[in-house]
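First up is the structure itself, then whatever we jot down about it.
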Amino acid sequence: MSAEVRIAGAAWDAIVRHAAESWPEECCGLLIGDGAAIVEARPARNVATDPQRRFRIDPADHFSALRSARRSGWRVCGAYHSHPESAPTPSETDLAEAFDDEEFVHVIVRPGARPALADAEVAAYRFSGKNVVPARLVRVP
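Quick note on the working numbering: the sequence shown kicks off at 1183 and runs consecutively.
See below:
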């Protein structure tokens, strides 16, 4: 398990933009790469019954991302979602619903004020059991 995760600038920008456009609801999506590097962020529809407080990735979007990742030689290595009004740290719900896979990257974003999307806060974590392990997210060109 790497303590550092590299993320392509285009993927970072897509996550931040998705969070801002979805506000006040939570956005969600999948991360494509190998776990140490994220090369693409794939937005997904949030099909949660209360999208302002929860997220649930649309299964059709999940399968589409899996197929796309396989075609490009990558895999779905993580997921992202937003906390529209709170810090980008795992909530009790995030912890309760996370599965135990320390290679899976969880990115959480708090959107910045529009149009100053540069104000967004973005953080990455891995879950091992009920332990939350912060990962250093490094934006690369």
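Built from N, CA and C at the ideal position, the CB exists for glycine as well. These numbers come from a predicted model, not from an experiment.
Please list the terminal residues of the continuous alpha helix (DSSP H) segment that includes Ala1208. The residue asked about is misnamed: residue 1208 is Glu in this sequence, not Ala. In the DSSP assignment, Glu1208 falls outside any alpha helix (DSSP H), carrying neither H nor E.
For Arg1235, the three-state DSSP class (helix, strand or coil): Correct three-state label for Arg1235: coil.
Cα-Cα, which of Ile1239, Pro1206 and Ala1190 is closest to Glu1222? Nearest C-alpha to Glu1222: Ala1190.
Do Leu1212 and Ala1247 come within 8 Å of each other at the CB atom, strictly closer than that value? yes
With distances taken Cα to Cα, identify the nearest neighbour of Ala1280 among Ala1192, Gly1294 and Gly1311. Gly1311
Under the three-state reduction of DSSP, which class applies to Pro1241: helix, strand or coil? helix
Starting from Ala1278 and walking both ways along the alpha helix (DSSP H), at which residues does that stretch end? Glu1274 to Glu1279
Please determine, among Cys1210, Glu1203, Cys1259 and Ala1295, the residue with the shortest C-alpha to C-alpha distance to Phe1237. Cys1210
Could you tell me the alpha carbon to alpha carbon distance between Ile1197 and Val1304, rounded to whole angstroms? 9 Å
Report yes if the CB atom of Ile1290 is closer than 8 Å to the CB atom of Pro1316, and no otherwise. Result no, Cβ atoms of Ile1290 and Pro1316 do not sit closer than 8 Å.
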